[in-house]
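J.: Each residue of the sequence shown is one higher than the one before, starting from 1 at the first, in the working numbering. Glycine included, C-beta positions come from ideal geometry on N, C-alpha and C.
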Amino acid sequence: PWGRVPWGRGETVSGVDVRFADGTYRRVDADIVVGAADLHHLETRLLPRHLQTYPQTWWDRHTSGPGAVLVFLGVRGELPQLAHHSLFFTDDWDTNFDAIFGSPTRIPDPASLYVCRPSATDATVAPDGHENLFVLIPMPADPSLGHGGTDGTGAAAVERIADAAIARIADRAGIPDLAERIVVRRTTGPADFVDDVHSWSGGALGPAHTLRQSAFFRADNISRKVDGLFYAGSSTRPGIGLPMCLISAQLVRKRLRGDTSPGPEVI
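#1: Helix, strand or coil for His50, going by three-state DSSP, please let me know.
#2: Can you list, in chain order, the residues of its chain whose CB lies under 7 Å from that of Gly228, leaving out five sequence neighbours each side?
#3: Which residues in the same chain as Ala173 place their Cβ atom closer than 6 Å to its Cβ, once the five residues preceding and following it in sequence are excluded?
#4: Please state whether DSSP places His62 in a helix, a strand or coil.
#5: Along the chain, where does the alpha helix (DSSP H) containing Asp195 start, and where does it finish?
#6: Could you please give the first and the last residue of the uninterrupted beta strand (DSSP E) stretch that includes Ile161?
#7: Look up Lys254 in the DSSP assignment and say whether it is helix, strand or coil.
#8: Along the chain, where does the beta strand (DSSP E) containing Ala68 start, and where does it finish?
#9: Would you tell me roughly how many angstroms separate the C-alpha atoms of Gly65 and Leu87, rounded to the nearest one?
#10: Could you give the first and the last residue of the continuous alpha helix (DSSP H) run that contains Phe230?
#11: Going by alpha carbons, who is nearest to Thr90 out of Thr105, Ile169, Asp128 and Leu47?
#12: Report the residue from Arg218, Ala167, Leu51 and Val16 whose alpha carbon sits nearest the alpha carbon of Asp29.
#13: Alpha carbon to alpha carbon, what distance is there between His40 and Leu47?
#14: Could you check how far apart the C-beta atoms of Pro118 and His84 are, in whole angstroms? I think they sit under 8 Å.
#15: With a threshold of 16 other CB atoms inside 10 Å of the CB of Gly241, please say whether the residue is buried or exposed.
#16: In the DSSP assignment, the beta strand (DSSP E) including Glu131 goes from what residue to what residue?
#17: Compare the Cα-Cα distances from Pro238 to each of Lys225, Asp259, Pro264 and Cys116 and report the closest residue.
#18: Does Asp92 have its Cβ less than 8 Å from a Cβ in chain C?
#19: Going by C-alpha distance, which of Asp92, His130, Arg186 and Asp122 is nearest Leu136?
#20: Quick check: the Cα distance between Pro104 and Asp151, rounded to an integer number of angstroms?
#21: For Ala215, is the classification buried or exposed, using 16 other Cβ atoms within 10 angstroms of its Cβ as the cut-off for buried?
#22: For Gly15, which three-state DSSP category applies?
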């Protein structure tokens with residue numbers, strides 16, 4: 001379901017209206033609302049213009065972080081050549097970044113890869129005699145690259161990127177029969193990030209960590225237009241990544257408690 005942030009007299013939050021898949025609504029009354037969704041969506045789609053702290057004009061002056069194609073693989077047999085975490089970088093770092101952030105953007109070829117093999121440390125995440133892989137391929141934040149799919153049914157560009165990544169892993173890790181051993185395959189494209197989580201520009205991580213979009217230059221965690229509305233997540237301070245997102249939630253908690261002490265909160 002999606003939520004619309006209602007407001008009342010004096011521009012003070014009063015709760016959240018939630019619409020369910022069957023079209024019914026439910027009001028959840030609240031004196032405080034913390035929005036952890038994509039901040040662009042929350043501000044520009046769920047709030048009217050006069051209550052937006054960060055309207056579209058603000059986003060037009062900022063830069064999205066990279067997009068990504070995600071590849072989820074179930075593989076027959078063992079993969080001892082891969083650790084739990086593996087990184088495969090391109091030889092030409094500058095060209096790789098120019099493809100992702102340049103104007104115009106383009107699909108990097110070859111692309112840098114992050115590969116996670118969770119079955120290396122937890123045998124319960126894959127059936128006996130199999131392993132699973134999660135592959136993240138940084139790409140431009142471009143929804144026109146399309147959606148992913150199962151067993152090669154995604155958009156042509158997304159599946160080509162996945163094919164190239166699988167071939168690169170096979171070559172760099174010394175697993176020549178990797179493609180032939182894949183029994184389950186699913187991809188996620190930038191368009192899925194837009195449709196599934198309302199990602200700004202199809203990015204996978206939120207606003208880029210440029211100098212003017214980092215630390216205190218990043219979006220604040222409180223609305224300046226609606227009392228009682230706060231923000232957490234990768235769009236806000238301090239930034240992207242799971243630890244940073246957890247810190248953003250802790251900063252909201254400290255703000256609500258009036259805690260101005262430095263450092264992490266002791267719970």
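T.: For this structure:
#1: If DSSP states are grouped into helix, strand and coil, His50 belongs with the helices.
#2: Same-chain partners within the cutoff: Thr12, Val13, Asp31, Ile32 and Val33.
#3: Only Gln81 and Leu82 meet the Cβ criterion.
#4: Here His62 carries a coil assignment [DSSP, helix/strand/coil].
#5: Counting along the chain, the alpha helix (DSSP H) containing Asp195 begins and ends at Pro190 to Val197.
#6: Per DSSP, Ile161 belongs to no beta strand (DSSP E); it is in the alpha helix (DSSP H), Ala156 to Ala173.
#7: Here Lys254 sits in helix by DSSP.
#8: Where Ala68 is concerned, the enclosing beta strand (DSSP E) stretches over Gly67 to Arg76.
#9: Those two C-alpha atoms are separated by around 19 Å.
#10: Per DSSP, Phe230 lies in no alpha helix (DSSP H); the unbroken beta strand (DSSP E) holding it starts and ends at Leu229 to Tyr231.
#11: If we check each option's Cα against that of Thr90, Ile169 comes out closest.
#12: With distances taken between Cα atoms, Asp29 lies closest to Val16.
#13: It is roughly 10 Å from the alpha-carbon of Leu47 to the alpha-carbon of His40.
#14: Going by Cβ atoms, the distance from Pro118 to His84 rounds to 7 Å, so yes, they are a contact pair.
#15: With fewer than 16 Cβ atoms within 10 Å of its Cβ, Gly241 is classed as exposed.
#16: Here the beta strand (DSSP E) through Glu131 covers His130 to Met139.
#17: Of the listed residues, the one whose Cα sits closest to Pro238 is Pro264.
#18: Here chain C cannot be found, since the structure has a single protein chain.
#19: The shortest Cα separation from Leu136 among Asp92, His130, Arg186 and Asp122 belongs to Arg186.
#20: Pro104 and Asp151 have their alpha carbons spaced roughly 30 Å apart.
#21: By the Cβ neighbour-count rule, Ala215 is exposed, with fewer than 16 other Cβ atoms within 10 Å of its own.
#22: Note: Gly15 maps to strand in three-state DSSP.
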